[in-house]
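Peer 1: Start counting the first sequence at 1408; every next residue gets the next number (our numbering).
The C-beta atom is built at its ideal place from N, Cα and C for all residues, glycine as well.
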Amino acid sequence: MAASPKIRRDFFNRSVHRVAPELIGATLLVDGVGGVIVEVEAYHHTDPAAHSYTGRTERNAVMFGPPGAAYVYRSYGIHWCLNFVCEAEGSASAVLIRALEPTEGLAPMRRRRGLSDERALCSGPGKLCQALGVSIKHNGLVLDRAPFELRARQHKPEIVIGPRIGISKAVDHPWRYGMKGSKFLSKPFKT
DNA sequence: TATGAGATCAACT
DNA sequence: GTTGATCTCATAC
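1) Along the chain, where does the alpha helix (DSSP H) that runs through Cys1529 open and close?
2) Nearest-angstrom Cα distance between Leu1522 and Asp1417?
3) Sorted by chain position, which residues of the same chain lie with C-beta nearer than 6 Å to Arg1463's C-beta, five sequence neighbours on each side aside?
4) Count the other CB atoms within 10 Å of the CB of Lys1561; is the residue buried (16 or more) or exposed (fewer)?
5) State the beta-bridge partners of Thr1434 as determined by DSSP.
6) Starting from the Cα of Pro1595, find the closest Cα among Glu1446, Leu1435, Ile1414 and Leu1557 and give me that residue.
7) Do Gly1533 and His1486 count as a contact pair if the criterion is CB distance below 7 Å?
8) Compute the beta-carbon to beta-carbon distance between Ala1456 and Gly1547, rounded to the nearest angstrom, for a pair I have assumed lies under 8 Å.
9) Between Cys1488 and Ala1501, is the Cβ-Cβ spacing less than 7 Å?
10) Indicate whether Val1479 and His1545 have their beta-carbon atoms separated by less than 7 Å.
11) If you check the beta carbons only, do Pro1509 and Val1437 fall under 7 Å apart?
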């Protein structure tokens, strides 16, 4: 199989709404463990649902930094969520990685998750971070250097679009992107 | 299949 | 003091 080109950090130097759909089908690895991105959501600083909406704080400082970095935060006190910073320094936009199709390092993922069901390993932002071992240690790290590895997709997949999940503000913005027909989505898309 | 509650904590008001 | 960009398990249908 031909090696896919690595995604460099300048890939993220564009609008989240352009970056997000292009991430579908790309491969994300952390320490060699990961898979194909099948679901993401876009967050923009003008968006009431975004952490950056009310301005820079200690938690979201990475979002205000240069694109191509990972923004990791704790959700509901227990889970971690992984975002990729986009656009430009200070624009405070990011793409939330919501689901992966596991392809590399199945054994460590199953061990970390305590599950054997492949479909449940990475089908949600909290699950995905647990399976890949992502935590606050990764906050602020750039995505084109170890332990991260991002590889571009070979072919453009069919993309489905819908409203975002688990938020209470700006719920109608269709800023959730998924790979059509994937069995590894956190929730099915209404088509 | 669907709905609901509990876990658990840092940031925010 | 309240609220989540969530997940899992239990109970109901």
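Peer 2: From the atom records:
1) Taking the first residue of the first sequence as position 1, residue 1529 is located at position 122. Counting along the chain, Cys1529 falls outside any alpha helix (DSSP H), and DSSP gives it neither H nor E.
2) If you number the first sequence from 1, residue 1522 lands on position 115. If you number the first sequence from 1, residue 1417 lands on position 10. Looking at the two C-alpha atoms, the distance is approximately 36 Å.
3) The sequence position of residue 1463 within the first sequence is 56, counting from 1. Once the five neighbours on either side are set aside, the close Cβ partners of Arg1463 are Phe1471.
4) Sequence index remark: in the first sequence, residue 1561 carries index 154 (1-based). This sequence places Gln at residue 1561; Lys is not what is there. So Gln1561 counts as exposed.
5) What you label residue 1434 is simply residue 27 of the first sequence in a count that begins at 1. Looking at the DSSP assignment, Thr1434 forms a beta bridge with Val1443 and Arg1558.
6) For this step, residue 1595 is matched to residue 188 along the first sequence. Of Glu1446, Leu1435, Ile1414 and Leu1557, the residue nearest in Cα terms is Glu1446.
7) Position 79 of the first sequence, counting from 1, holds the residue named residue 1486. Position 126 of the first sequence, counting from 1, holds the residue named residue 1533. When the beta-carbon positions are compared, His1486 and Gly1533 come within less than 7 Å of each other.
8) Translated into the one-based positions of the first sequence, residue 1456 becomes position 49. Translated into the one-based positions of the first sequence, residue 1547 becomes position 140. That pair is no contact at about 22 Å.
9) Translated into positions along the first sequence, residue 1488 becomes position 81. Translated into positions along the first sequence, residue 1501 becomes position 94. Between Cys1488 and Ala1501, the gap from beta carbon to beta carbon reaches 7 Å or more.
10) Counting from 1 along the first sequence, the entry for residue 1479 is found at position 72. Counting from 1 along the first sequence, the entry for residue 1545 is found at position 138. Contact flag set, yes.
11) For the purposes of this step, residue 1509 is taken as the residue at position 102 of the first sequence. For the purposes of this step, residue 1437 is taken as the residue at position 30 of the first sequence. Cβ atoms of Pro1509 and Val1437: not closer than 7 Å.
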